[in-house]
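Please read the structure below before turning to the comments.
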């Protein structure tokens, strides 16, 4: 059975070019970049090239790039550094729809001496920026707002918010894990001080992340150890992954155009055709300001895990914001924050595409998803109730 | 990804007995859209009062659909008395086991069956009994108590896995803990029966037996019992709640209350209702 992978906000395939760039650095050029000999030195040179490529993707300077092990480490490092380097300030502002890497960290800090303000979103997943601005205070150490949401794909106005926050001399962090490589990021046009990236969302391997630290930002390392990353992150560099990430960023910079034309077109086709063929579907999130690859669809009166597993039986890989898939009992905090009606929240499915998806794959989903929805609805007591309340023509 | 057994997958992908029964003999409905799962169970009896047809409609995850499908297969051909003995563990066992976090799907099956049988017998569903402990999922203290007792649950996570209580905001965790502690407190100390009882020891033992053994069972059906007096081996009680008006109360009294007291206190006990 073929696999149709439309879960790219969860993780992506390693690009063949990335793998090719990495392979020699496992068993051939395995030197330690910190070594004095030229054998290690060649790895150091490749890291330098990779650092420039990563910086290039977001319009930063190479020395502002710190390699980490993942997006979560980048997030933790950023927030803790902001708190540690501003000991007189104890207020954090974040949003209700952050990834757990920020959400749970901030909640933890909120229970351990910090004051936490959590900014709400509206029904379309748009941030209440007025609420954010009103809550800035003398005591605010850091504001952390994701660039784009992983579930709904909604993009936040980071350029405006970060500049306004920066004018108040407050640190601004953004989790750009989902935005990078999908929409253009030019750090120079923002007031962002700290920015997190993750390799495996942009066709680099798992286990590599990046923290951008604006030149001049007070910083303290999370992993204390050797002098690597100019003392900002101890630990021997993950050389092959860094080289892979460099290649992935180079490729991503070249693919942003395609993401926003062809991939967007496929996403739109998928969304529009499903809406056309399946009654009672809602789109979660602001359709006008979204990542080009993401759609979150709420199928009313049925449950997401059941949809996912029926798709899985046909080789279609997507994910859900429903409760049952995560082991928790409530729909995701993102859908709840958006106030998605519970008729649809439990049946919400996220499709996230990449440049590797083809039109044939999208057609396969368009053909196979509606019968799955119909089958589950035929089993659902609420769907039966719903159609019985409709005028005969709607049946 | 959940590790479902092949039997769960089969009953999910090829569910048996989906649909409604027109003019059913019993219908049980449990769960809600807000809670994330719901089950409507229908059955019809044949001339021998055996379940000849069972159907279901389910809103929920794969294990909820599989549990519903399994339940309909399990109850076909049974009398209602036989069907009433099916526990959530039986449903899970029929499916070759469920992930712990999904046990509430089997509990939902058992509850829907109870409701359907109660519906046939003209009783009201028991859901309204008890006090809501978990606001997020509308779970009562009686439901939690029962799950803890029947499945020997030890932790709040266990309770969440079986009846969902505590799986939302978490404000009820302290109360769930108290229920677990009180149930395990009831189960643990087996009262020792001394060779010869003083009157004080006897009264104490009768009180303990009522509290530990008898009252919880009566409360399940919305009833209660009160100890009025003890005179030698004669025990005077008053039945309360639904027991007070139940036609079967004399049976309850003689066959259940008295026999328990005979067993656990002294064989000479005679119970009389005032």
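Protein chains in written order, with my numbering: chain A, 1 to 395; chain B, 396 to 669. From the three backbone atoms N, C-alpha and C, an ideal C-beta is built for every residue, glycine too. All values derive from a computational prediction rather than experimental measurement.
Does residue 471 of chain B have its Cβ less than 7 Å from a Cβ in chain A?
Not closer than 7 Å to any Cβ of chain A, the Cβ of residue 471 of chain B fails to qualify, so no.
Under 7 Å between beta-carbons, which chain B residues line up against residue 346 of chain A? List them in chain order, please.
Simply 431.
Are the C-beta of residue 380 of chain A and some C-beta of chain B separated by less than 7 Å?
Flagged as an interface residue toward chain B: residue 380 of chain A, by a C-beta distance shorter than 7 Å.
Quick check on this structure: which residue in A:142, A:144, A:21, A:188 has the alpha carbon closest to the alpha carbon of residue 61 of chain A?
When C-alpha distances from residue 61 of chain A are compared across A:142, A:144, A:21, A:188, the shortest belongs to A:188.
Should residue 228 of chain A be labelled buried (16 or more other beta-carbon atoms within 10 Å of its own) or exposed?
Per the 10 Å Cβ criterion, buried.
Helix, strand or coil for residue 301 of chain A, going by three-state DSSP, please let me know.
Correct three-state label for residue 301 of chain A: coil.
Against chain B, does residue 342 of chain A count as a neighbour if the rule is that its beta carbon must be under 7 Å from one of theirs?
Yes, contact with chain B.
My output table needs one value for residue 128 of chain A: the three-state DSSP class, helix, strand or coil.
Secondary structure at residue 128 of chain A: coil, using DSSP grouped into helix, strand and coil.
Is residue 63 of chain A near the ligand ATP, in the sense that its beta carbon is under 6 Å from a heavy atom of that ligand?
In the structure shown, the ligand ATP is absent, as is every other ligand, since no ligand is present at all.
Could you tell me which residues DSSP puts in a beta bridge with residue 348 of chain A?
According to DSSP, residue 348 of chain A bridges with A:298.
Nearest neighbour of residue 33 of chain A, chosen from A:74, A:146, A:44 [CA to CA]
Selected option, being the one with the closest Cα: A:44.
Which two residues bound the contiguous alpha helix (DSSP H) that contains residue 189 of chain A?
In this chain, residue 189 of chain A is not harboured by any alpha helix (DSSP H), its DSSP state being neither H nor E.
Given residue 584 of chain B, which residues of its chain have a CB within under 8 Å of its CB, disregarding the five upstream and five downstream residues?
A caution first: residue 584 of chain B carries a pLDDT of 49, below 50, which makes its placement in the model unreliable, though a value can still be read off. So the list is empty, once near-sequence residues are dropped.
Closer than 9 Å, Cβ to any Cβ of chain A: which residues of the region 406-420 of chain B, in chain order?
So the list reads 407, 408, 410, 413, 414, 415, given in the order they occur along the chain.
Could you have a look at residue 317 of chain A and say whether DSSP puts it in helix, strand or coil?
Collapsing the DSSP output to three states places residue 317 of chain A in a strand.
Since I believe residue 372 of chain A is in contact with residue 255 of chain A (beta carbons under 8 Å), could you give me their beta-carbon distance rounded to a whole number of angstroms?
The Cβ separation is near 31 Å, so there is no contact.
Cross-chain neighbours of residue 435 of chain B in chain A, by beta carbon under 8 Å
Residues of chain A with a Cβ closer than 8 Å to the Cβ of residue 435 of chain B are, in chain order, 381.
Which residue comes first and which comes last in the alpha helix (DSSP H) that contains residue 485 of chain B?
Looking at the DSSP string, the run of the alpha helix (DSSP H) that includes residue 485 of chain B is 483-489.
Check whether residue 352 of chain A and residue 104 of chain A have beta carbons under 7 Å apart
Note that the C-beta distance between residue 352 of chain A and residue 104 of chain A is not below 7 Å.
Please report the Cβ distance between residue 185 of chain A and residue 59 of chain A, rounded to the nearest whole angstrom; I am assuming they are in contact, meaning their Cβ atoms lie under 8 Å.
Yes, residue 185 of chain A and residue 59 of chain A are in contact; Cβ-Cβ is about 7 Å, under 8 Å.
Beta-carbon separation of residue 194 of chain A and residue 213 of chain A under 7 Å?
Between residue 194 of chain A and residue 213 of chain A, the C-beta gap is smaller than 7 Å, which places the two residues in contact.
Short CB-CB distance (under 7 Å) between residue 432 of chain A and chain B
This structure gives no information on residue 432 of chain A, because the portion of chain A shown stretches from 1 to 395.
Using a Cβ cut-off of 7 Å, which residues of the region 439-461 of chain B contact any Cβ in chain A, in chain order?
Within the region 439-461 of chain B, the qualifying residues are 452, 453, 454, 455, 456, 457, 460.
If we call anything under 7 Å between Cβ atoms a contact, is residue 440 of chain B one with residue 420 of chain B?
Contact: yes.
Hey, how far is the Cα of residue 661 of chain B from the Cα of residue 625 of chain B?
Between the alpha carbons of residue 661 of chain B and residue 625 of chain B lies a distance of about 13 Å.
To the nearest angstrom, report how far apart residue 535 of chain B and residue 529 of chain B are at their CA atoms.
C-alpha of residue 535 of chain B to C-alpha of residue 529 of chain B: approximately 7 Å in a straight line.
What does the Cβ neighbour count give for residue 292 of chain A, buried or exposed, with the cut at 16 atoms within 10 Å?
Under this definition residue 292 of chain A is a buried residue.
Reduced DSSP secondary structure (H/G/I, E/B, other) of residue 441 of chain B:
Residue 441 of chain B sits in coil when the DSSP states are folded into three classes, being neither helix nor strand.
Identity of the residues DSSP links to residue 115 of chain A by a beta bridge:
Paired residue(s): A:91.
Minimum C-alpha distance to residue 321 of chain A - residue among A:348, A:300, A:303, A:341
In terms of Cα proximity to residue 321 of chain A, the closest of A:348, A:300, A:303, A:341 is A:348.
For residue 403 of chain B and residue 491 of chain B, believed in contact at Cβ under 8 Å, the rounded distance:
In this structure residue 491 of chain B is in contact with residue 403 of chain B, their Cβ atoms being roughly 7 Å apart against a cut-off of 8 Å.
Please state whether DSSP places residue 626 of chain B in a helix, a strand or coil.
Here residue 626 of chain B sits in strand by DSSP.
Of the residues A:1, A:6, A:5, A:19, which one's Cα is nearest the Cα of residue 206 of chain A?
The shortest C-alpha separation from residue 206 of chain A is found at A:19.
Can you list the residues of chain A that residue 466 of chain B reaches, using a CB-CB cut of under 9 Å?
Neighbours of residue 466 of chain B on chain A: none; closest Cβ ~14 Å, over 9 Å.
C-beta neighbour in chain A for residue 428 of chain B, strict 7 Å:
Chain A contact via Cβ: present.
Whose C-beta lies closer than 6 Å to the C-beta of residue 148 of chain A among residues of the same chain, with five residues either side of it excluded?
So the qualifying residues of the chain are 155, 178, 179, 291.
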